[in-house]
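First the structure, in the form of structure tokens, and then the observations on it.
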Amino acid sequence: MIVRNAAARHGRRALGSPISRSTLRQLSSESVPTEPAVATPPPKSQFPADHMKDNSLVMSSKQLKMWKAKDTIMTLGANSTPTHEGQSWTRSRKMGGSEELTSWDQWVEFRKIRAKTKKLGSIVKRQYNPTDLINDPPRPQDVTLELLMASQTHMGHHTSLWNPGNSRYIYGVREGIHIIALETTAAHLRRAARVVEEVARCGGLILFVGTRKGQMEIVTKASELAGACHVFTKWTPGGITNRDAILKYATTKVVDENDQPLEDFGVFTENARPLLPDLVVCLNPKENYTLLYECGLKDIPTIGVIDTDADPTWVTYTIPANDDSLRSIGVIAGVLGRAGERGQQLRKLASEKKETIPWETSPTLNDFMAKHRQNVQKEQRLAMSRVKDKVVGFTEEEQHLLQSQYARAELDSSEAAMLEVLGETATVEGLSEPTTSTSNLGEIEAQLASAKAKAGEVEAELKGLNI
80 MIVRNAAARH GRRALGSPIS RSTLRQLSSE SVPTEPAVAT PPPKSQFPAD HMKDNSLVMS
140 SKQLKMWKAK DTIMTLGANS TPTHEGQSWT RSRKMGGSEE LTSWDQWVEF RKIRAKTKKL
200 GSIVKRQYNP TDLINDPPRP QDVTLELLMA SQTHMGHHTS LWNPGNSRYI YGVREGIHII
260 ALETTAAHLR RAARVVEEVA RCGGLILFVG TRKGQMEIVT KASELAGACH VFTKWTPGGI
320 TNRDAILKYA TTKVVDENDQ PLEDFGVFTE NARPLLPDLV VCLNPKENYT LLYECGLKDI
380 PTIGVIDTDA DPTWVTYTIP ANDDSLRSIG VIAGVLGRAG ERGQQLRKLA SEKKETIPWE
440 TSPTLNDFMA KHRQNVQKEQ RLAMSRVKDK VVGFTEEEQH LLQSQYARAE LDSSEAAMLE
500 VLGETATVEG LSEPTTSTSN LGEIEAQLAS AKAKAGEVEA ELKGLNI
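According to our numbering, the sequence shown is numbered sequentially starting from 80.
Rendered as structure tokens:
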């Protein structure tokens, strides 16, 4: 009884269940028997000789890897593109409903189709080459959001490391890191480039600093373009505030309007104080806090690449960007270097157009030339006083004549006159003793004797007229 009821119950369930979709699809579709298609054997020339061998032996895993690597190298190497050879190009065939085409007609038709479809598809206009940032850095007008994103300037640090002062530069958060707004980066980069250009146009001294690994070539190239100085090693504390002791062995030079060194300022270059930069560009502010602090004490403007974990109050002009990527730093330094190069060109063009020097001599050099001029006058007066003491028998007229010829009057205070005086006294070093050369004294005595003789002749003529 129990067995009979169980069979009836399970039979009703099996018959009452719905039919599956795959079963209905097989029952509703009609199959037409067809002859098996015979595959055309491929031409022998399309396969390498290694594929035609009967590899009956079992290959080991090492040999299999070597064989696959060899096959990959062959397919990726030069001249490895498949060639249209074999039966597909050597036999006549029909294309569509047209007449039968020979192999030459097929080749002509293929070239026509290739010429029509040549412009189709995507074209990669520019590929990234790391050396391009060194050999050909971008210019300020080349800065785009696409370039900044490709250079990874938008990637900040983890959200737990951020500085709240950078909240205005942050676009959002993605996978736990802050994303820097590219529009802000582009605007701040253009502003910094404008500052560098103006400083270079006015003849200012710019200092590029980048002390991280891999930044040496970037810093040197940017400073070379801008005609500036560079530092790619650890900054020595006191290089600005205590420069007289730290840079006492550093040499300076005086140049003319064409940036050519002048040789008549040896005394000045030996005793001059080390120069201060007019602008400092720091590519890694976190490692150069001492440098930025010294610049703040001396009121030197600074430009810095500020990441999301840096303090934006350390620098004067901020550039919010990723400071850990060499590509990002290369783009920023290249733009600033090109801006400095543009400023140098504008400075030369302005001087050629106006035929005047568009900047003034430094007050330190002006003071040195004024003191040197006074020393030269003092030396000449002492020499004349010694000559007058040694020569006896001069009348008042002769003394007046001597003073008018050899006593130096007030010299012109212009820079040209100062340079002339320095050129005449280039051999004099510092406050040296007055020259008492016997040859100079002999020349002066001879000139005085001739003047005395002329005065005697004049007196004789006057006496003859009185007679």
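Glycine residues also receive a C-beta, built at the ideal position from the N, C-alpha and C atoms.
Where residue i falls, given that 16 or more other Cβ within 10 Å makes a residue buried
i: glutamate 536; result: exposed
i: asparagine 321; result: exposed
i: leucine 227; result: buried
i: arginine 247; result: exposed
i: cysteine 374; result: buried
i: glutamine 453; result: exposed
i: glutamine 294; result: buried
i: proline 316; result: exposed
i: serine 239; result: exposed
i: leucine 362; result: buried
i: isoleucine 285; result: buried
i: threonine 348; result: exposed
i: proline 209; result: exposed
i: proline 442; result: exposed
i: glycine 255; result: exposed
i: asparagine 214; result: exposed
i: histidine 237; result: exposed
i: serine 140; result: exposed
Residue i in three-state terms, based on DSSP
i: threonine 223; result: coil
i: leucine 268; result: helix
i: glycine 251; result: strand
i: alanine 351; result: coil
i: leucine 143; result: helix
i: aspartate 129; result: Low confidence applies here, because aspartate 129 scores a pLDDT of 48, under 50, leaving its location unreliable and the question unanswered by this model.
i: tryptophan 241; result: coil
i: threonine 196; result: coil
i: glutamine 526; result: helix
i: tyrosine 368; result: helix
i: alanine 389; result: coil
i: arginine 280; result: helix
i: glutamine 185; result: helix
i: asparagine 208; result: coil
i: arginine 218; result: coil
i: serine 246; result: helix
i: glycine 317; result: coil
Own chain, CB closer than 7 Å to residue i, minus 5 neighbours either side, in chain order
i: aspartate 390; result: Asn242 and Gly244
i: alanine 301; result: Phe287, Ala412, Gly413, Leu415 and Gly416
In DSSP terms, what residue i is bridged to
i: methionine 234; result: Ile258
i: tyrosine 396; result: Ile382
i: lysine 173; result: Glu179
i: glycine 359; result: This sequence places valine at residue 359; glycine is not what is there. Leu286 and Thr381, per the DSSP bridge assignment.
Own chain partners of residue i with C-beta closer than 6 Å, once the 5 adjacent residues on each side are dropped
i: lysine 173; result: Glu179
i: methionine 234; result: Asn401
i: asparagine 405; result: The residue asked about is misnamed: residue 405 is leucine in this sequence, not asparagine. Excluding sequence neighbours, leucine 405 sits near Gly293.
i: arginine 291; result: Asn363
i: valine 275; result: Leu415, Ala418 and Gly419
i: aspartate 357; result: Val278, Gly283 and Leu284
i: isoleucine 385; result: Pro391, Thr397 and Pro399
i: glutamate 366; result: Thr290
i: alanine 271; result: Ile382, Tyr396 and Ile398
Sequence-distant residues of its chain with Cβ nearer than 8 Å to residue i (five each side left out)
i: proline 340; result: Lys332, Val333 and Val334
i: lysine 432; result: none
Exercise. Kindly provide the ranges of any beta strand (DSSP E) runs that are 3 or more residues long and lie completely inside the region 319 to 345, ordered along the chain.
Key: none
Practice problem: Could you pull out every unbroken alpha helix (DSSP H) segment of at least 4 residues lying fully inside the region 282 to 315, listed in chain order? | Solution: 295 to 305
Self-check item: Start-end ranges of the alpha helix (DSSP H) lying completely within the region 397 to 463, minimum 4 residues
Solution: 405 to 433
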